[in-house]
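Asks: Below you will find the structure I want to go over with you.
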Amino acid sequence: MTMQPASTEIQSRTAAIIQELKGLEGPLLPILHEIQEEFGHVPQDAVPVIADGLNLSRAEVHGVVTFYHDFRARPAGRHVLKLCQAEACQSMGSDAIAAKVKQLLGIDFHETTRDGSVTLEPVYCLGLCACSPSAMLDGEVIGRLDDEKIEEIVGEVRS
């Protein structure tokens, strides 16, 4: 299990990131990306610092973090498995694939396994419609998923 940075460290580093990027036009998204890059997620302790630094409400910052699927409020597992849930993949059996993955990992979407090895997330189109159903594992796209590939992927991320 990884240690979380102390609240003061989060606040201090967040303030430095804001100072560095607040001059950009529309700085909130670049700041959130940089904070997530730094900590692996957007820590709750960073939200009031961002709000104060950009003269926004905490609700506005929280709304942006929760609206965009690429931002996380909690750290992800060592591996991130994203399963496509868009229409083309659904028509090719992605619901059954998702059910199998959830069963094998013992988690649902937006959850991380107890050992911290895998975070499972839905994604809505990876642009691999011709190779559906598809997924993305740690930034690498995988097409034409079937039971055999799913078992191989789950075995890989659990080892």
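Here our numbering is used: the first residue of the sequence shown is 75, the next is one more, and so on. From the three backbone atoms N, C-alpha and C, an ideal C-beta is built for every residue, glycine too. This structure is a prediction, so every number in the text was calculated from the model and none was measured.
For ARG146, count the other beta carbons within 10 Å of its own beta carbon; 16 or more makes it buried, fewer makes it exposed. Which is it?
Replies: Its Cβ being crowded by 16 or more others within 10 Å, ARG146 is buried.
Asks: When we look at the beta-carbon of ALA160 and count the other beta-carbons within 10 Å, is it buried (16 or more) or exposed?
Replies: It is buried - the Cβ of ALA160 has at least 16 other Cβ atoms within 10 Å.
Asks: Return the chain-ordered ranges of every alpha helix (DSSP H) run that is complete within the stretch 131-159 and spans a minimum of 4 residues.
Replies: Runs found: 132-141.
Asks: Hey, ASP220 and HIS153: beta-carbon distance below 7 Å or not?
Replies: Against a cut-off of 7 Å, the Cβ pair of HIS153 and ASP220 comes out as no contact.
Asks: Can you tell me the Cα-Cα spacing of LEU194 and ALA172, whole angstroms?
Replies: Spanning the two alpha carbons is a distance of roughly 10 Å.
Asks: Can you list the beta strand (DSSP E) stretches of 3 or more residues lying completely in the stretch 169-209, in chain order?
Replies: Runs found: 192-197.
Asks: Would you call GLY127 buried or exposed, if buried means 16 or more other Cβ atoms sit within 10 Å of its Cβ?
Replies: Flag for GLY127 reads buried.
Asks: Around the C-beta of GLY151, are 16 or more other C-beta atoms found within 10 angstroms, so that it is buried, or is it exposed?
Replies: Per the 10 Å Cβ criterion, buried.
Asks: Using a Cβ distance threshold of 8 Å, determine whether the stretch 109-119 contacts the stretch 79-93, with at least three qualifying pairs required.
Replies: Yes, the stretch 109-119 is in contact with the stretch 79-93.
Asks: Using 8 Å for Cβ pairs, my map puts LYS176 next to MET210. What's the rounded Cβ distance?
Replies: Going by Cβ atoms, the distance from LYS176 to MET210 rounds to 17 Å, so no, they are not a contact pair.
Asks: How far does the beta strand (DSSP E) with GLU214 in it extend, from its first residue to its last?
Replies: 214-216 is the extent of the beta strand (DSSP E) around GLU214.
Asks: Would you mind reading off the limits of the alpha helix (DSSP H) that contains PRO122?
Replies: It spans 121-128 - the alpha helix (DSSP H) in which PRO122 sits, taken as one unbroken run.
Asks: Between which two residues does the alpha helix (DSSP H) harbouring VAL235 extend?
Replies: Since the first and last residues shown for the chain are 75 and 233, residue 235 lies out of range.
Asks: CB ALA162 to CB SER206, shorter than 7 Å?
Replies: Yes, they are a contact pair.
Asks: Considering only DSSP beta bridges, list what LEU95 is partnered with.
Replies: DSSP output for LEU95 lists no bridge partner at all.
Asks: Any idea if PHE113 is buried or exposed, counting beta-carbon neighbours within 10 angstroms, 16 or more meaning buried?
Replies: Per the 10 Å Cβ criterion, buried.
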